[in-house]
Amino acid sequence: MQIYHEVSEVLHASPTVIKRAFKNVYGESVGEYRKSIRLQEAQRLIQETDRPITEIAGMVGYSNPGHFAVAFRGKYAMTPSEYKRLVRSEGNSLL
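Position 16, counted from 1, in the sequence shown is what my numbering calls 18; the numbers after and before it change by one each time, with no gaps.
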């Protein structure tokens with residue numbers, strides 16, 4: 003990732019050191035962290051808006067709704083549509 007090289011130049015440390023430090027602090031790589039943030043935002047949008055799942059997928063950076071559904075299910079053990087039905091039926095917040 004380009005970000006590792008940019009940060010390593012500023013901090014005068016190797017990209018490998020930056021990667022390890024980030025993972026030690028956050029418990030996941032920058033890519034995994036970014037994905038988690040995107041999926042948390044999607045979860046919030048599903049709860050708080052009536053936007054279609056395909057639109058939410060695009061809003062959080064997924065051009066393919068199928069890839070979004072797989073990622074969402076991997077994190078939350080349900081598809082975005084299942085989550086939306088659950089939230090709507092129970093008025094429930096799983097955040």
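Ideal Cβ positions, reconstructed from N, Cα and C, are used throughout, including at glycine.
Item: Rounded separation between residue 36 and residue 76 - CA only; Value: 15 Å
Item: Residue 58 vs residue 48 beta-carbon contact at 8 Å; Value: yes
Item: Helix, strand or coil at residue 35 according to DSSP, with G and I counted as helix; Value: helix
Item: Sequence-distant residues of its chain with Cβ nearer than 8 Å to residue 16 (five each side left out); Value: 10
Item: Backbone CA spacing between residue 83 and residue 14 [nearest angstrom]; Value: 46 Å
Item: Endpoints, the alpha helix (DSSP H) within which residue 90 is located; Value: 82–92
Item: Distance, residue 85 Cα to residue 99 Cα; Value: In this structure the chain extends from 3 to 97, so residue 99 is not present and cannot be described.
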